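Enquirer: Its first residue numbered 13, the sequence shown is counted upward by one per residue in this note's numbering. Beta carbons are placed, not taken as given, at the ideal position from N, Cα and C, and that holds for glycine. Values in this document were obtained by computation on a predicted structure and should not be read as measured data. Dropping a structure here in structure tokens format, bear with me for questions.
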Amino acid sequence: MAANSTEVVMKDIAGKTAVVTGASGEAGLAFVHRFAAVGLNVALADIEGEPLSVAEAALNTKGAAERGSVGGKLTSALPMVIRMHTRRVFGLGFALSLCFILLTASGCRGDDSDVISDDGGGSAVQSPHVSGTTAPGSSTTAPAPSQSASVLKFKKGQNNYTLTVDGQRRQFIVHVPPGYNSSTPAPLVFVFHESAHNGGFVYEKWKWREKCDQEGCISVYPTALSYFVVPEDRNQTKWNDTSLSQIVPPGTALADDVKFVRTMVETLEATFSIDKKRIYATGGSNGGRFVSSRILVELPDIFAAAGISHLLGTDGLAPKNNEAIPAYVSYGNLDPILLKGSEALGASGKQLPMEAAEIMQHPLVGGQIANALTTLGLDTTYTVEYCAPKLDRCTATYTTALERSEGLHTTLTFARGGKPGVEFRFRMIKGMGHSYALAGNNPAHLEAASFFWDFFKEHPKP
13 MAANSTEVVM KDIAGKTAVV TGASGEAGLA FVHRFAAVGL NVALADIEGE
63 PLSVAEAALN TKGAAERGSV GGKLTSALPM VIRMHTRRVF GLGFALSLCF
113 ILLTASGCRG DDSDVISDDG GGSAVQSPHV SGTTAPGSST TAPAPSQSAS
163 VLKFKKGQNN YTLTVDGQRR QFIVHVPPGY NSSTPAPLVF VFHESAHNGG
213 FVYEKWKWRE KCDQEGCISV YPTALSYFVV PEDRNQTKWN DTSLSQIVPP
263 GTALADDVKF VRTMVETLEA TFSIDKKRIY ATGGSNGGRF VSSRILVELP
313 DIFAAAGISH LLGTDGLAPK NNEAIPAYVS YGNLDPILLK GSEALGASGK
363 QLPMEAAEIM QHPLVGGQIA NALTTLGLDT TYTVEYCAPK LDRCTATYTT
413 ALERSEGLHT TLTFARGGKP GVEFRFRMIK GMGHSYALAG NNPAHLEAAS
463 FFWDFFKEHP KP
């Protein structure tokens, strides 16, 4: 071990002993060690609000340190969320004293339940069923709607909430646009993160906050639970799509994420004036597969349309009550995950095709599109738009080889054979990898929040 490293043995919230090693921050780790020494179990979360047990931190110390969970960044309590489960034998007074002495952070409060403090990056608010005054940066625990949906307090901007669903604490962020007025029902957009990320990450990165500030929609950023993922040999946050059971140890209990989504919807409808004909979902990678394989199939009664990025997985499943909803999918033609999957199916090449006919014939991408069309009840007839810098607009055909070589994105639209209003769009973006489209990660400077939102506006529920 390096001279400036430190090692601390402590317990996570499940009572398991773990060794945490940090490349820096002896003082910070010793600070946390004090909690274990006096009999407190400690749970950590990173600056984004993602729960992280000590055992998880031990699995990937470097990544956890970079996210501000262990190591040098732990020397400052303020940018952390530290949740202490106090043992009753110590008493409320002792918990308060320890909180004051060790954290020296404002807004810390002690009781026999969770004590939560964060960096004040967004004032979360309390349900009316929770007594006391809401402190800036605190989180809210709202009872599940099965117990009766609570009306939550909120402010314009970021609000951090916690729901208990099937006995598990589930976290989500709600962004309320500055122009929100309860007299006008607002659209609602759910944004589902990728594997190993959290709601706070996509809140900051995927541009839906800015888009909804412009368009007046309320946006929601939930966080998945963490599982030990066998192929990765570490814990990761994962949405329970149709493939999760195949990559976790046998017997792993999987969260009912569909129930979590329905519970959030019911709670938010009790809190805000929501336009029930304009509730939408978007997700990337594992979040995209969750949207396509679970929300499209199991929650068409709630959602009006979906935007799916860099992983499509409807599996050809029929939607509940045959209620298909419109969907828009975007891929990058340099996506290494999709290229690896393509190789397994016999496809060659270092990029995915940009030509419409080749996209439809591709063993991986074409197969995924075919499954989606089956789910939505559409046939394979499509129209196509090619877009290139040499063109003033997108066109159904290229007129020169130069235009074809410089084409930046191709969009196929399927709208025949299904119920009225049901449509499927597929966009291949040149030069983009396994990413949610942002202006800086593709040559066309496309942003998924923009083209998905345009699609959403075209597709309210009938």
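(1) Which residue marks the beginning of the beta strand (DSSP E) containing R437, and which one marks its end?
(2) DSSP three-state call for E397: helix, strand or coil?
(3) Quick one: using the 10 Å Cβ neighbour count with 16 as the cut-off for buried, is T409 buried or exposed?
(4) With the cut-off set at 9 Å, would you say G344 and G319 are in Cβ contact?
(5) Excluding the 5 residues flanking K431 on each side, which residues of the same chain have their C-beta closer than 8 Å to its C-beta?
(6) Check whether the region 216-225 and the region 450-466 touch, using three or more Cβ-Cβ pairs below 8 Å as the test.
(7) Please report the residue range of the alpha helix (DSSP H) in which V270 lies.
(8) With 16 other CB atoms within 10 Å as the buried threshold, where does E459 fall?
(9) Mark T279 as exposed unless 16 or more other C-beta atoms lie within 10 angstroms of its C-beta, in which case mark it buried.
(10) State the start and end residues of the unbroken alpha helix (DSSP H) segment that holds F213.
(11) With 16 other CB atoms within 10 Å as the buried threshold, where does P474 fall?
(12) Using the Cα positions of T425 and G379, report the straight-line distance between them to the nearest angstrom.
(13) At a cut of 8 Å, does the region 168-176 reach the region 197-205 through at least three beta carbon pairs?
(14) Would F468 be called buried (16 or more neighbouring beta carbons within 10 Å of its own) or exposed?
(15) Let me make sure I understand the geometry here. Which of L364, F272, N298 and A427 has the alpha-carbon closest to that of G310?
(16) So, helix, strand or coil for L266, using DSSP?
(17) Please state if the CB of F284 and the CB of I230 are separated by a distance shorter than 9 Å.
(18) Applying the 10 Å Cβ sphere with the 16-neighbour rule, what's the burial state of G122?
(19) DSSP three-state call for K332: helix, strand or coil?
(20) Between which two residues does the alpha helix (DSSP H) harbouring V203 extend?
(21) Under a Cβ-count criterion, where at least 16 other Cβ atoms within 10 Å of its own Cβ denotes burial, should S339 be classed as buried or exposed?
(22) Find out if the Cβ-Cβ distance for the pair F302, T235 is shorter than 9 Å.
(23) CB L346 to CB G443, shorter than 9 Å?
(24) Between the Cα of P375 and the Cα atoms of S354, A384 and T387, which residue gives the shortest distance?
(25) With respect to the alpha helix (DSSP H) encompassing I371, which residues constitute its N-terminal and C-terminal limits?
(26) According to DSSP, is Q363 helix, strand or coil?
(27) By the DSSP assignment, the beta strand (DSSP E) with V177 in it spans what residues?
(28) Am I right that S297 and H446 are in contact with their C-beta atoms under 8 Å? What's the rounded C-beta distance?
(29) Just to confirm my understanding: we take G105, look at its own chain, exclude 5 residues before and 5 after, and list those with CB closer than 7 Å. What are they?
(30) Would you kindly check if the distance between the Cβ of T387 and the Cβ of D329 is under 9 Å?
(31) Near L357, which residues of its chain fall below 7 Å by C-beta distance, leaving aside the five closest residues on each side in sequence?
(32) Give me the Cβ distance between T249 and A208, rounded to the nearest whole Å; I'm assuming they're in contact under 8 Å.
(33) Could you tell me if P348 is buried or exposed, where buried requires 16 or more neighbouring beta carbons within 10 angstroms of its beta carbon?
(34) Whole-angstrom Cβ separation of T422 and V396, contact assumed at under 8 Å?
(35) Which residues share a DSSP beta bridge with T235?
(36) In three-state DSSP terms, what is I286?
Expert: Quick look at the numbers:
(1) F436 to I441
(2) strand
(3) exposed
(4) no
(5) A336 and G389
(6) yes
(7) D269 to T283
(8) buried
(9) buried
(10) G211 to K217
(11) exposed
(12) 16 Å
(13) no
(14) buried
(15) Note on identity: in this sequence residue 310 is Glu, with Gly being the wrong assignment. It is F272 whose Cα lies nearest to the Cα of E310.
(16) coil
(17) yes
(18) At G122 the pLDDT is 30, less than 50, meaning the model places this residue with poor confidence; the figure from the coordinates comes in the next sentence. Buried: at least 16 other Cβ atoms inside 10 Å.
(19) helix
(20) Run containing V203: none in the alpha helix (DSSP H); it sits in the beta strand (DSSP E), A198 to F204.
(21) The sequence given here has Ala at residue 339, not Ser. By the 10 Å Cβ count, A339 comes out buried.
(22) no
(23) yes
(24) S354
(25) A368 to Q373
(26) coil
(27) G169 to V177
(28) 7 Å
(29) Bear in mind that the predicted position of G105 carries a pLDDT of just 43, short of 50, making it unreliable; the figure below should be weighed with that in mind. Cβ neighbours of G105 beyond the five flanking positions: none.
(30) Going by the sequence as given, residue 329 is Leu instead of Asp. Taking 9 Å as the Cβ cut-off, L329 and T387 qualify as a contacting pair.
(31) P375 and L376
(32) 6 Å
(33) exposed
(34) 7 Å
(35) BP columns for T235 are empty, so no partner.
(36) strand
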